[in-house]
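Here's the structure we're looking at; comments come further down.
Protein chains in written order, with the working numbering: chain A, 1 to 433; chain B, 1 to 338.
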C-alpha cells in the first residue's frame, strides 16, 4: 500500500496550506526525513520532510491549496505497482454541496446528455503562480534570481519569452559597488566583501535603511565573507511592488537561493530580523545560526508615528527628530549625519516605494505579520539582541522567545544596537559566527 | 563540408547517381572483396541506371543480377558478407525492404551480437527512396526511421553528390551493416565531387547554412528545400541555420544540440511520416538535454502526412513538406507566433 503524504498543520490556526514547490520529481525516490516540498500558509513558508522512504507519485500540482491532513502525494515502495491515484485531492475552496431532503428522482423530461460533464477542450488553466514561460525564459530568470511569475509575457497565450526576461532585467537599476564590496546582478542588490573565509554571514537591514547601516558592525566580522542584501525599495534594490510579508519573504528567499550558499549565518535587523527568521524557517538546512537585532514579527506593536514621520520627511529638518527616535543617545544623530541620511532618501520614488511597503507591512501602525510560531520552531543556534530603550519596537517582545534562544538586552540602547553599541554587538557576533 | 584530407582534390560536376557509380567503381577496382548485387543491376544498369555499365568493366561475377526476390537477394548478400565479401546490395525501391526485413533486422543487425562479436556483417544496402516521381503508395515511401529503430544498423541519408560518394566509401570501411537511403529526386542533381578516394564520416551532421534565429534540422531532399526557404527568410530578416542530419543512426547529438543552444528555436523537416519519426527523436533528444533550457518556443515538426503517398501529383506534393510549409513554420517560430 502506498504511504500518504499529507499537508501538515504547522500553525495553530492553519486550515490550508499552499504547495509552493516539490523538491523531488514525480517517479523519483525519496528518503525519509529529506526535504520533500515547500508550503506556504497565511503566515509562514516552510519545508516539509518526507514521512517515509519510497517513490513519489500522484503529486498535487504546485500552487494548489490543500486542507491540513489531506493527501498531497503518495509514496510507493520500490517495485510496487503504481495504479490510479488512490484518492482525489481534496480541494480547499470547494464549498460543500448543500444538503437536500428532496428524494433523488431521475429527471426524464430532459433526455439530452449533460454536456457540462464532458471534458472541455480549452487551453489548460494555469495556476496564478505558475506562469506560462519558455524553458529559456525560466532558465534566465532562475540564473538572475528573478521571479518568473512576476513578469509580463509578450508571447502567444501570454507566454513569457527570453526577451521579456531581458527587458525586465534592464529595468533593474545598475548595481554600484561600495568600496571593498562587489555588486552582483539580480533582482535585489547584493554586495559581497572581498575578504574572509569559512561560512559566510548574510546581513539583512531593516525598514527604511540600507546596507550602509552595517558599516560599524562589519569591522568585527572581517574574518568571514560578508554578503549584504538590500530589500526591495531600499538602497540599490529595485522598487518592486510587494503584496504582503509573504511576498517580501519570498523575494528575499529567491535572492538567497540564487546566491548558492550551502550554509550561512543570518544577521537581520528589525524588519530584516523578521525576514531572517522567515528565511531560516524555510531553509533550515542552509542556516548555520540566526542573530536577530531588535527584530520585527514578535508582537503587534510598533511606533507608527516614527515610521510615518521617517517616510514623509523631505528635508533634514523634518527627518532629524525621527532619526533621533531610533536611538537612545540623541547626540549620535549629528546634523551632518541627518543631512547625509536625507541625501540618501532624496529620491521621491524611493520614499513612495517604502510608503507602499509600510502600508502592507505595518497598516495603522501595527505589525501585520507574526513570526512567533516560526521562532518556536527554530532549531539552529539563535540569539536576540535588543536595546532596552528601543523607541520603535517594544524590547519586551523578546520575552516571547522560547528557552533555547539567547537574549542579549542592553541598557541605555535604542533601536539600533549595531550602531549604538557596535563593539558589544560585534563581540557577541564574533564569538557566534 | 568534408573532413577528409582529400578535400583538396580537384572536383568536377557529377550527378548524385554518377557519384554513387564512381564510388562503386573505385571500390570494385581497389578491393576484390567488393561485389555489387541487386535486381537488374547488370546489363540493364539498375532501375535508376545507377550501376550503369559497371558490369562490362568488372564482369558478371562481381556485378551480380539477383532473382526477383528481395528476401533471397538480401539473404545471399548477408551470407556473403559473413563469409568475407563486402557486398553492395541494391533494392529497386526502398519500399521493397519490407520483403527483406528478416535478413536486415533479424540477421544482419543481430548476428555480431548473438555470436559474441566473433563475426561481423560488412554489407552495404542501397535504397532508392522518397516521393515525387508519381510512383504512388508502394514505391514512394521514406522508411529510414523503421531501420533507424534497429540497434546494429547504421542508417544514412546523404543529400549531395559529394556526400553520397564519401558515405558509400565510408560504409564499405565499416565492419557492420550500413543502410544508405538515396532520394530518387536527388539522382539527377549535380554537384561538385572530389576526384579519387575519400570518405565522409557516418554519424556527423553538416551545418549547410549558419544562422542565429532558428535551427532547421532536415534530412535528404528536405535539406535543399530548407536551404531554399532559408534564402527567402534571409530577405525577410530571419536568419535560419540549416543542418543536414546526414545520419539517422547514430544521430549527431552535439551538432543539433549546439545549434538549438544558439538559436533557441527548432524546426525539424523530414519526408517520412511525421508521427513516431525522425523529428520526434530529434525533439526528444533536445527535451532530454540541457539544450531544453535554451528553447524559447515550442518545437515544430514538419513530416509526411498520416497517409500512404497518393498517386495524384497534387496530392503527392501535399503529402510531404514543401518550401511554403517550411517558410510558414519558420516565420511563426521566429516571430514568436507559436
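Backbone N, C-alpha and C fix where the C-beta goes; we use that ideal spot for every residue, glycine too.
Contact list for residue i against chain B, beta-carbon separation under 8 Å
i              : result
residue 131(A) : Here the premise fails: no neighbours, minimum Cβ distance about 15 Å.
residue 139(A) : 293 and 294
Under 7 Å from the C-beta of residue i: neighbouring residues of chain B
i              : result
residue 161(A) : 296 and 336
residue 155(A) : 336
Chain A contact residues for residue i, given Cβ-Cβ distances below 7 Å
i              : result
residue 292(B) : 135
residue 264(B) : 136 and 162
Residues of its chain near residue i, where Cβ-Cβ distance is below 7 Å and the 5 sequence neighbours each way are ignored
i              : result
residue 277(B) : 145, 270 and 303
residue 61(B)  : none
residue 206(A) : 269, 270, 271 and 272
residue 280(A) : 266, 287, 290, 378 and 380
residue 323(B) : 225, 228 and 229
residue 362(A) : 302, 304, 307 and 368
residue 45(B)  : 51, 52 and 53
Burial state of residue i, where buried means 16 or more other Cβ atoms lie within 10 Å
i              : result
residue 224(A) : buried
residue 89(A)  : buried
residue 12(B)  : exposed
residue 87(A)  : exposed
residue 307(B) : exposed
residue 140(A) : buried
residue 120(A) : With a pLDDT of 34 at residue 120(A), under the threshold of 50, the predicted position of this residue should be treated as unreliable, and no value is reported.
residue 263(A) : exposed
residue 195(B) : exposed
residue 41(B)  : buried
residue 35(B)  : buried
residue 114(A) : The predicted model places residue 114(A) with a pLDDT of 40, which falls under 50 and marks its position as unreliable; any figure quoted below should be read in that light. Classification for residue 114(A): exposed.
residue 399(A) : exposed
residue 80(A)  : exposed
residue 70(B)  : buried
residue 251(B) : buried
residue 118(B) : exposed
residue 318(B) : exposed
residue 210(A) : buried
Close-in-space but distant-in-sequence residues of the same chain around residue i (CB under 6 Å, 5 per side omitted)
i              : result
residue 132(B) : 185
residue 101(A) : Confidence in residue 101(A) is poor, its pLDDT being 46 and thus under 50, which makes the residue's placement too unreliable to answer from.
residue 342(A) : 316 and 319
residue 274(A) : 295, 296, 297 and 371
Reduced DSSP category for residue i - H, G, I as helix; E, B as strand; rest coil
i              : result
residue 251(A) : helix
residue 87(B)  : strand
residue 76(A)  : strand
residue 196(B) : coil
residue 338(A) : helix
residue 311(B) : coil
residue 330(A) : helix
residue 58(B)  : helix
residue 140(B) : coil
residue 408(A) : strand
residue 402(A) : coil
residue 353(A) : helix
residue 304(A) : helix
residue 272(B) : strand
residue 172(B) : helix
residue 163(B) : helix
residue 294(B) : helix
residue 234(A) : coil
residue 24(A)  : coil
residue 66(B)  : coil
Proximal residues to residue i (C-beta, below 8 Å), its chain only, five neighbours per side dropped
i              : result
residue 251(A) : 147, 187, 188, 232, 240 and 242
residue 354(A) : 207, 208, 233, 234 and 311
residue 283(A) : 47, 253, 256 and 257
residue 73(B)  : 37, 38, 39, 66, 67, 89 and 100
Contact test: residue i Cβ vs the ligand ZN heavy atom, cutoff 7 Å
i              : result
residue 234(B) : Among the ligands in the structure shown, none appear at all, so the ligand ZN cannot be discussed.
Proximal residues, the segment 309-334 of chain B versus chain A, C-beta separation under 9 Å: Only those residues of the segment 309-334 of chain B whose C-beta falls short of 9 Å from the nearest C-beta of chain A would be listed, and there are none.
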